[in-house]
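Undergrad: In the numbering used here, the protein residues as written are 2 to 453.
(1) Whole-angstrom Cβ separation of residue 203 and residue 185, contact assumed at under 8 Å?
(2) Short check: CB of residue 357 to CB of residue 374, under 8 Å?
(3) Throw me the rounded Cβ distance for the residue 382 and residue 392 pair, which I believe falls under 8 Å.
(4) Using alpha carbons as the reference points, say which of 376, 379, 378 and 403 lies closest to residue 385.
(5) So, is residue 396 buried or exposed, given that buried needs 16 or more other C-beta atoms within 10 angstroms?
(6) Suppose contacts are defined by Cβ-Cβ distances below 8 Å. Is residue 379 in contact with residue 355 by that definition?
(7) Pop quiz: residue 366 and residue 330 are said to be a contact at Cβ under 8 Å. What is the actual Cβ separation, rounded to whole angstroms?
(8) Which complete beta strand (DSSP E) runs does the segment 376-420 hold, if anything under 3 residues is left out?
(9) According to DSSP, is residue 338 part of a helix, a strand, or is it coil?
(10) Roughly how many angstroms lie between the CA atoms of residue 328 and residue 408, to the nearest whole one?
(11) Can you tell me the Cβ-Cβ gap for residue 74 and residue 56, rounded? I've got them flagged as a contact below 8 Å.
(12) Under 6 Å Cβ to Cβ from residue 205, same chain only, skipping five residues before and after it: list those, please.
(13) Starting from residue 356, trace the beta strand (DSSP E) in both directions and tell me its first and last residue.
(14) Is any heavy atom in the ligand HEM found nearer than 7 Å to the beta carbon of residue 176?
(15) So, using beta-carbon positions, are residue 128 and residue 180 closer together than 8 Å?
(16) Given this structure, state the Cα-to-Cα distance separating residue 10 from residue 53, to the nearest angstrom.
(17) Between which two residues does the alpha helix (DSSP H) holding residue 40 run?
(18) Using a 10 Å radius around the Cβ and a threshold of 16 neighbouring Cβ atoms, would you call residue 170 buried or exposed?
(19) Compare the Cα-Cα distances from residue 187 to each of 246, 207 and 163 and report the closest residue.
(20) Ends of the beta strand (DSSP E) at residue 364?
(21) If distances are taken between C-alpha atoms only, which option among 334, 387, 190 and 27 comes closest to residue 153?
(22) Apart from the five residues on each side of it in sequence, which residues of its chain come closer than 6 Å, Cβ to Cβ, to residue 161?
(23) Find out if the Cβ-Cβ distance for the pair residue 13, residue 71 is shorter than 8 Å.
(24) Do residue 25 and residue 31 have their beta-carbon atoms positioned less than 8 Å apart in this structure?
(25) Which word fits residue 270, buried or exposed, when buried means at least 16 other C-beta atoms lie within 10 angstroms of its C-beta?
(26) Using C-beta distances below 7 Å, list every residue in its chain close to residue 7, excluding the 5 sequence neighbours before and after it, in chain order.
(27) How is the alpha helix (DSSP H) around residue 28 delimited, first residue to last?
(28) With H, G and I counted as helix, E and B as strand and the rest as coil, what does DSSP make of residue 144?
(29) Between the C-alpha atoms of residue 359 and residue 376, what's the straight-line distance to the nearest angstrom?
(30) The alpha helix (DSSP H) that contains residue 183, what's its start and end?
(31) In whole angstroms, what is the alpha-carbon distance linking residue 105 and residue 23?
(32) Spell out the partners DSSP gives residue 331 in its beta bridges.
(33) Which of the three DSSP states, helix, strand or coil, is assigned to residue 372?
(34) Less than 8 Å between the C-beta atoms of residue 463 and residue 146, yes or no?
(35) Can you give me the Cβ contacts of residue 122 inside the same chain, cut-off strictly under 8 Å, excluding the 5 residues immediately before and after it?
What follows is the structure, given as structure tokens:
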């Protein structure tokens, strides 16, 4: 009676007195894959190529004919078993002592290999040794499964030259360390290996490479000492020279700025008093020169003054009557403080009429009189014959003053006649004249035409 593939594997393992865990360690096939092989569940494996590889490796380990088992698998022998699998680790009775000694040797080999691998990982070796160890494990497992690079490339989508670079430990043939780590993980999983130990070896190799690179970049103590001695004996560093030049330039600029400020102050103190403003000239001028023509208006910034209105304007300080000068001329200076409409008549002639803006000054000279009419009395400050009489009036007050040689007067208001209501005129008929009668003619009746 022929036996199924899975049953043959399980019976052979039990005859050798091995457990599934021991087989997994020795063949580097995961324990659940071993259980699937013994149960005949080949369809549950990742791929057909892995199933054939695992079956070949497991059969060779149990000293079975792998070709016959693969042939049974290809011819479609039953792949599932429903018989109860004995408990793991139980040895069959009547087992040949030779097989028991073989199992003990295998266990010792497995333990020795594990111990040696631990010692190798703890020994400080170069990074290339780590990568070579990873490649050798991958190559052994691939050869144990009887897989080619073409089959692995077809199932894992990893290029053949990348697989060869992983098995030879050549990281230069891989795109980047991150991609190499992913390829290593996929390759190990496909071969049925535990990827964690391989990834740890890969990480240690990268760390060793980094340490070697840093050690090469770090100068030796002897070179550092020589460099320090060269710096002491040689010239100053370039950064120190540049910093010193910048500091000197800053100090020189500050010194130059201080000298400029001091020279400007000394020049201000040495320069005499500046020319007086127009307002000061108008206020401080002792006499007014007589001129038959009026002077043009000149801008002036006026201060704020007040005016005491009246027929005869007096000084707000001394109380004296403001009269014209001894020469008999009338001179008026108007300092504009606000916007207003202004009309000035000099000796009966209109000299100015229009709007004025603050900050200006107007000067007028007349022989007999100067009349000022303003729409805002507070907008004008008047200087009459070198005497400041202040503003003409209040804000918005219409002011009309006449300045003469005798003083300041207000013009006499003109009488405006108001027409009175009259009775309506009635038209009466006028009497009609009566012509004297002509002798020998009849006298016509009044109001009736005479017939011929």
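Even for Gly, the Cβ is constructed at its ideal location relative to N, Cα and C.
TA: Well, looking at it:
(1) Right, their Cβ atoms sit about 6 Å apart.
(2) No.
(3) Indeed they touch by this definition, with Cβ atoms about 5 Å apart.
(4) Taking only the C-alpha atoms, the option nearest residue 385 is 403.
(5) Flag for residue 396 reads exposed.
(6) Going by C-beta atoms, residue 379 is not nearer than 8 Å to residue 355.
(7) Yes, they are in contact, since the Cβ atoms of residue 366 and residue 330 sit about 6 Å apart, within 8 Å.
(8) Along the length of the segment 376-420, whole beta strand (DSSP E) runs at least 3 residues long occupy 381-385, 388-392 and 400-405, reported in chain order.
(9) Three-state result, residue 338: coil.
(10) With a pLDDT of 48 at residue 328, under the threshold of 50, the modelled position of this residue cannot be trusted; read the value that follows with caution. Rounded to whole angstroms, residue 328 to residue 408 spans 14 Å at the Cα level.
(11) Confirmed, about 7 Å.
(12) 131.
(13) Residues 350-357.
(14) Among the components modelled here there is no ligand, and therefore nothing to report on the ligand HEM.
(15) Not closer than 8 Å, so no.
(16) CA-to-CA, the gap between residue 10 and residue 53 works out to about 14 Å.
(17) Counting along the chain, the alpha helix (DSSP H) containing residue 40 begins and ends at 32-40.
(18) Only buried fits residue 170, as 16 or more other CB atoms lie within 10 angstroms of its CB.
(19) It is 163.
(20) Element bounds for residue 364: 361-367.
(21) It is 190.
(22) Non-local C-beta neighbours of residue 161 in its own chain, meaning closer than 6 Å and more than five positions away in sequence, comprise 150 and 154, ordered along the chain.
(23) Not a contact, by the Cβ cut-off of 8 Å.
(24) Closer than 8 Å, so yes.
(25) By the neighbour-count rule (16 or more Cβ atoms within 10 Å), residue 270 is not buried but exposed.
(26) The residues are 38, 39, 40, 41 and 82.
(27) That run of the alpha helix (DSSP H) goes 21-28.
(28) Here residue 144 sits in helix by DSSP.
(29) Going by the C-alpha atoms only, they are around 14 Å apart.
(30) Per DSSP, residue 183 belongs to the alpha helix (DSSP H) from 178-191.
(31) Unreliable placement is indicated for residue 105, whose pLDDT of 46 sits below 50; the coordinate value is still reported in the next sentence. The alpha-carbon atoms of residue 105 and residue 23 are separated by roughly 11 Å.
(32) 367.
(33) Residue 372 falls in the strand class under three-state DSSP.
(34) Shown here, the chain extends from 2 to 453; a query on residue 463 therefore has no answer.
(35) For residue 122, the pLDDT reaches just 42, beneath the cut-off of 50, and the residue's location in the model is therefore unreliable, although a value from the coordinates is still provided. Within the same chain, 201, 202 and 205 come within 8 Å of residue 122 by CB-CB distance, once the 5 residues on both sides are set aside.
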